[in-house]
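*Asks:* Protein chains in written order, with my numbering: chain H, -11 to 230; chain V, -11 to 230. We put the beta carbon where it would ideally sit given N, CA and C, even for glycine.
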DNA sequence: AAGTGGTCTAGACCACGTC
DNA sequence: ACGTGGTCTAGACCACTTT
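(1) Using a Cβ-Cβ cutoff of 7 Å, what residues of the region 184 to 203 of chain V are near chain H? List them in chain order.
(2) Just to make sure I have the definition right: I need the residues of chain H whose C-beta is within less than 7 Å of the C-beta of residue 74 of chain V. Which are they?
(3) Listing by chain order, which chain H residues have their CB less than 9 Å from the CB of residue 226 of chain V?
(4) Go ahead and pull the three-state DSSP assignment for residue 74 of chain V.
(5) What does DSSP give as the partner residues of residue 15 of chain V in its beta bridges?
(6) What's the C-alpha gap between residue 14 of chain H and residue 168 of chain H?
(7) Find the nearest neighbour of residue 191 of chain H within the set H:155, H:197, H:182, H:199, judged by alpha-carbon distance.
(8) If we cut at 8 Å on Cβ distances, does residue 38 of chain H have a partner in chain V?
(9) Give a yes or no on whether the minimum CB-CB distance between residue 50 of chain H and chain V is below 8 Å.
(10) Below 8 Å CB to CB, which residues in the same chain sit around residue 59 of chain H once its five sequence neighbours on both sides are set aside?
(11) Hey, is residue 11 of chain H's beta-carbon within less than 8 Å of any beta-carbon in chain V?
(12) Buried or exposed for residue 142 of chain V, please, with buried defined as at least 16 other CB atoms from any protein chain shown within 10 angstroms of its CB.
(13) Please report how far the alpha carbon of residue 236 of chain V lies from the alpha carbon of residue 2 of chain H, in whole angstroms.
(14) Do residue 88 of chain H and residue 123 of chain H count as a contact pair if the criterion is CB distance below 8 Å?
(15) Taking C-beta pairs closer than 7 Å, name the residues in chain H that residue 220 of chain V reaches, listed in chain order.
(16) Near residue 140 of chain H, what residues of its chain come up, given a Cβ to Cβ distance below 7 Å and the 5 sequence neighbours on each side ignored?
(17) Closer than 8 Å is the cut-off here; do at least three beta carbon pairs connect the region 89 to 109 of chain H with the region 56 to 73 of chain H?
(18) Count the C-beta pairs between the region 216 to 229 of chain V and the region 128 to 137 of chain V that are closer than 8 Å, then say yes if the count reaches three, no if not.
(19) Can you say whether residue 138 of chain H is buried or exposed, counting buried as having 16 or more other CB atoms within 10 angstroms of its CB?
(20) Provide the residue span of the alpha helix (DSSP H) that contains residue 122 of chain V, from first to last.
(21) Quick one: using the 10 Å Cβ neighbour count with 16 as the cut-off for buried, is residue -3 of chain H buried or exposed?
(22) For residue 10 of chain V, I'd like the list of residues in its chain whose CB is within less than 7 Å of its CB, leaving aside the five on either flank, ordered along the chain.
(23) Ignore the nearest five residues each way along the sequence and tell me which others in residue 144 of chain V's own chain have a CB closer than 6 Å to its CB.
(24) Going by DSSP in three states, residue 95 of chain V sits in which element: helix, strand or coil?
(25) Taking residue 37 of chain H as the reference, which of H:0, H:8, H:146, H:90 has the closest Cα?
(26) Just the Cα atoms here: how many angstroms apart are residue 208 of chain H and residue 172 of chain H?
(27) Between which two residues does the beta strand (DSSP E) holding residue 198 of chain H run?
(28) Tell me whether residue 208 of chain H sits in a helix, a strand or coil according to DSSP, three-state version.
(29) In three-state terms, what does DSSP make of residue 182 of chain H?
(30) Report the three-state DSSP secondary structure of residue 32 of chain H (helix, strand or coil).
(31) Can you name the start and end residues of the beta strand (DSSP E) that residue 54 of chain H belongs to?
(32) For residue 46 of chain V, which residues does DSSP report across the bridge?
(33) Taking DSSP as the reference, what is the three-state secondary structure of residue 131 of chain H?
(34) From which residue to which residue does the beta strand (DSSP E) around residue 164 of chain V run?
(35) According to DSSP, is residue 176 of chain V helix, strand or coil?
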């Protein structure tokens, strides 16, 4: 037999790709259902079982959400329960608290070497820098500074940020069509400098978590690089190992 | 029809339980293969597809490992590549480094209220306390203090710890038959006190990660409660969000 | 060649939600 | 009653490893 599959890819992986392409193209919007498995099977010319395996994989990656009896939905950052997915903070007693975001600064700039490397663009490309404060139960807990590809976020201004009540990722999703799929975080411990201490309402030299995040959209494309400083006097960063 | 399934449980979940029971009973040892899907299907009187679904789930939880053409294996902490699973530290440049463990203290005691609550035992039950230092490339980076149910770890002494070259979890697995399946971690930032600073070779009041971990064995039984202090001058705590 | 897991199919039936 | 996803089956064939 000819060994004709050095790039062998199972059918369900190809179906998976087709579904992701449709999501990227905006054929199905966040929060809405996608066509039924039967219909997708017909459309793609495969059996329902093969579509099922593709959807299973996307559901396990939190890109789709299955609901028995109702259909399969495109996951959305609008869902308030999804907020914890990308902000792993819990109150010391384990409670999940919904933070409120307060923008501090929003400016357009050119990518420096570090931002360019992380975002996978050329040095000097247009980017947007956003600084904001997160309050939990009224108390400032997180200060974030993030860098976004300018091209992907036209018209992102201080006013837009101020008018938005919800998570940043739900703004990105609904206003700019940019959906965060996964992220990598690097956590270290640092000391609060004077400026940060003032904003967070803690003493200078208070220990803080430094959480550097690179967030990816479809196709593992990096679209956001951010660094957050977390005060962990009343909250902790929760993680699950398995 | 009678609504006879308030406690409905799919067949594959039951098969999953049977497999976990066999693992708990020690029928199949870490690193070894389990019987083939065909054989399990025969033994349990279900189709191969149902066994497959059960095994799929256990593989996704890192309890089993599938290897095409070879069989399905019981995962083991002996595998050096599995060390990162429960110790999420990488060098600043992203390299994975294999740490060396150095025991500092090992004593038996009675559970205080906090340890008892976390381990799910009565106050006063026998426990073992272990303190140890982790070195990465010669440098001290982590100091750990852990509490274990005394009953589950008979004969765990300083000598045993000193003689062991490998991860603690591989020692627990091979010598005591206790296998860690998953864990929850709470991460905060704290300041090094004088004693800790000395051991880690950093200045007093250096910011450190405080990583509190509760580790579970089969059946979500808590068996280890530990707190680690991580120096993040040369390493970071890596996490993947999705 | 034989044995393992991996993929794909087709069809039956169950559980859940909506009409 | 109907449509959706969820489970279960039986069988065929593919890809990988070992004998």
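*Replies:* This is what the structure gives:
(1) 195, 196, 197
(2) 229
(3) 172, 173, 174, 175
(4) helix
(5) Residue 15 of chain V is not bridged to any residue.
(6) 14 Å
(7) H:182
(8) no
(9) yes
(10) 21, 22, 24
(11) no
(12) exposed
(13) Because chain V spans -11 through 230 in this model, residue 236 of chain V falls outside it and cannot be assessed.
(14) yes
(15) 176, 177
(16) 164, 166, 211
(17) no
(18) yes
(19) buried
(20) First-last for residue 122 of chain V: 114 to 124, but that is the beta strand (DSSP E), not the alpha helix (DSSP H).
(21) exposed
(22) 16
(23) 116
(24) strand
(25) H:0
(26) 11 Å
(27) 195 to 205
(28) helix
(29) helix
(30) helix
(31) 52 to 55
(32) Its beta-bridge partners do not exist; DSSP assigns none.
(33) strand
(34) Note, residue 164 of chain V: premise wrong, no beta strand (DSSP E); alpha helix (DSSP H) at 156 to 164.
(35) strand
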